[in-house]
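Take a look at the structure below.
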Amino acid sequence: MTAPPAASSRHSDPLPKAYYLFFAVIEPLLTFAGAGRAYFDSARYFVELYPEDLVIAPKLASLHPAALMAVRQLGSCFFLFAMMACVLLPAMRRTLKNQPKELEQLVRAYLFCLAAADLTHIGATLYDLGPEGATRLGSWNVLTWGNVGITVVLFAWRMCWIAGVGRSRLPNSKKAT
1 MTAPPAASSR
11 HSDPLPKAYY
21 LFFAVIEPLL
31 TFAGAGRAYF
41 DSARYFVELY
51 PEDLVIAPKL
61 ASLHPAALMA
71 VRQLGSCFFL
81 FAMMACVLLP
91 AMRRTLKNQP
101 KELEQLVRAY
111 LFCLAAADLT
121 HIGATLYDLG
131 PEGATRLGSW
141 NVLTWGNVGI
151 TVVLFAWRMC
161 WIAGVGRSRL
171 PNSKKAT
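The sequence shown begins at 1 in the UniProt record's numbering and counts up by one.
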């Protein structure tokens, strides 16, 4: 009689390749790009946060130093998110490769936190655009599409993972964060 297969071979990977590539490679690349732009081109980033079709943009030379500082600090936060994605997810996957339930619980908690932040980010952006700006999609610029459109895509991927789309859920794994 043969021994039962190890837990990792009985269950599918809680972080299949498509999700892993998206969360540990594609998302960090997008976030590093945003971090670099916010950090190294702070004045232009600040001016472009609000679509010019909706408001008269301030002159680059007249920006308050605190505005530039806030944008650079935003860039630093983007950098942190990117580092967490490309360092923590591979470390969790590598460390817990033979413990799929634990890996699923940690990935669920991680993605739940990011999904909550996605909603606040989208909500704050749309709120600050106001009803007219939020509904005039043709007026949106690259940063508006990044802050809303790309974040909606990130949120959708997180929710698909949480809902078990394209992966097998492990039995008895805790659902809450």
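Using N, Cα and C, we set each Cβ at its ideal position, and we do this for glycine too.
It should be emphasised that the depicted structure is a prediction, and the values quoted were computed from it without experimental measurement.
Helix or strand or just coil, what does DSSP make of residue i?
{"i": "Y45", "result": "helix"}
{"i": "H121", "result": "helix"}
{"i": "N147", "result": "helix"}
{"i": "D13", "result": "coil"}
{"i": "Y19", "result": "helix"}
{"i": "D53", "result": "coil"}
{"i": "residue 222", "result": "Nothing can be reported for residue 222, as the shown portion of the chain is limited to 1 through 177."}
{"i": "G164", "result": "coil"}
{"i": "R169", "result": "coil"}
{"i": "V107", "result": "helix"}
{"i": "P58", "result": "coil"}
Taking just the CA atoms, how far does residue j sit from residue i?
{"i": "L126", "j": "T144", "result": "9 Å"}
{"i": "V71", "j": "H121", "result": "15 Å"}
{"i": "V47", "j": "I150", "result": "19 Å"}
{"i": "R44", "j": "V148", "result": "19 Å"}
{"i": "V153", "j": "L54", "result": "24 Å"}
{"i": "F22", "j": "T135", "result": "29 Å"}
{"i": "L103", "j": "T31", "result": "23 Å"}
{"i": "G130", "j": "M84", "result": "32 Å"}
{"i": "R167", "j": "C160", "result": "9 Å"}
{"i": "residue 190", "j": "H64", "result": "Because the chain spans 1 through 177 in this model, residue 190 falls outside it and cannot be assessed."}
{"i": "A91", "j": "R37", "result": "27 Å"}
{"i": "S8", "j": "G123", "result": "Confidence at S8 is low in this model, with a pLDDT of 41, below 50, so the placement of that residue should be treated as unreliable; the coordinate-derived value is given next. Distance between the alpha carbons of S8 and G123 is about 39 Å."}
{"i": "Q105", "j": "S12", "result": "14 Å"}
{"i": "I56", "j": "L49", "result": "12 Å"}
{"i": "L29", "j": "F79", "result": "10 Å"}
Which one of the options has the shortest CA to CA distance from residue i?
{"i": "Y39", "options": "R94, C77 and A156", "result": "C77"}
{"i": "P51", "options": "L154, S139, W157 and G146", "result": "S139"}
{"i": "A66", "options": "S42, L54, V107 and G34", "result": "S42"}
{"i": "R158", "options": "F112, L119, H64 and V142", "result": "F112"}
{"i": "V25", "options": "L80, L119 and C86", "result": "C86"}
{"i": "A33", "options": "F155, G146, A156 and S168", "result": "G146"}
{"i": "A109", "options": "A124, L88 and N141", "result": "L88"}
{"i": "Y119", "options": "P100, L106, K101 and F155", "result": "The question names Tyr, but residue 119 is Leu in the sequence shown. Considering only alpha carbons, the answer is F155."}
{"i": "G164", "options": "V107, A82 and L80", "result": "V107"}
{"i": "A35", "options": "F81, P16 and I56", "result": "F81"}
{"i": "R169", "options": "P100, L137, A117 and D128", "result": "P100"}
The stretch 83-97 contacting the stretch 54-65, beta-carbon criterion three pairs below 8 Å: no
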